[in-house]
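Participant: Taken in order, the sequence shown gives residues 1 to 165; the numbers are from the UniProt record's numbering. Glycine included, every Cβ here is placed at the ideal spot set by N, Cα and C.
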Amino acid sequence: KPSGAEGPGGSSRIAELGVEVTDGGSALVLTPATELLTAEDTDYPVYIDPQWHSPRASAWTMTSKAFPTTRYWQFNGKADEGLGNCTGWSGCASGDVKRLMYRMDTSRFVGTRVLSAEFVVRNVHSAQCTNHPVELWRTKAISSSTSWNTQNASGFWIERLRTES
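#1: Is the beta carbon of residue 33 closer than 8 Å to that of residue 66?
#2: DSSP state of residue 148, grouped into three classes?
#3: Just curious, the beta strand (DSSP E) that residue 17 is in, first and last residue?
#4: Suppose contacts are defined by Cβ-Cβ distances below 8 Å. Is residue 147 in contact with residue 22 by that definition?
#5: I believe residue 59 touches residue 142 by the beta-carbon criterion, under 8 Å. Please report the beta-carbon distance rounded to the nearest angstrom.
#6: Decide yes or no for the touch test of the region 35-55 against the region 11-19: beta carbon pairs closer than 8 Å, at least 3 of them.
#7: According to DSSP, which residues form a beta bridge with residue 52?
#8: Please report how far the alpha carbon of residue 96 lies from the alpha carbon of residue 127, in whole angstroms.
#9: In terms of DSSP beta bridges, what is residue 29 paired with?
#10: Which of the three DSSP states, helix, strand or coil, is assigned to residue 108?
#11: Using the Cα positions of residue 39 and residue 25, report the straight-line distance between them to the nearest angstrom.
#12: Taking a contact to mean a Cβ-Cβ separation below 8 Å, would you say residue 101 touches residue 139 in this structure?
#13: Could you pull the DSSP bridge partners for residue 84 from this structure?
#14: Here's a check: name, in chain order, each residue in its chain whose Cβ is nearer than 8 Å to the Cβ of residue 137, leaving out the five neighbours to either side.
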């Protein structure tokens, strides 16, 4: 099996390598094991492909202003749900606002220093063609009982991390 996005191939060798952040945090220096590079059975070219951990959502929910007590835990079996203002979209109640929330397991990073992180989403379609700000927040924990009313409770919204349009 050749190496690919799924992982190293059958003839690959996996080894730990040194990692150092330099230049005030702007550069990452990888130092492979010298014995791996100089071994007689090492075939060149050598590919150094460090593994990174990108946690995915372990749980998710949606809230809807138009249906403030309805719970949309794991989207109730739907493949996806929307977010934002729904005005002008045939499938939405007039004036509805929808919010998406995700839980991500970050326990793997305990005791480490994370220099940067990126939250990536994919927008499939929009109810309107004009840009609207989307905010990324750190919140209290979500659960199967999260609804519009419960997420409006005091202290649920902890810290706004970023806003994009």
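Facilitator: Once the coordinates are examined:
#1: no
#2: helix
#3: Per DSSP, residue 17 belongs to no beta strand (DSSP E) and is neither H nor E.
#4: no
#5: 6 Å
#6: yes
#7: Its beta-bridge partners do not exist; DSSP assigns none.
#8: 12 Å
#9: 20
#10: helix
#11: 32 Å
#12: yes
#13: Answer by DSSP bridge pairing, in chain order: 98.
#14: 157, 158, 159, 160 and 161
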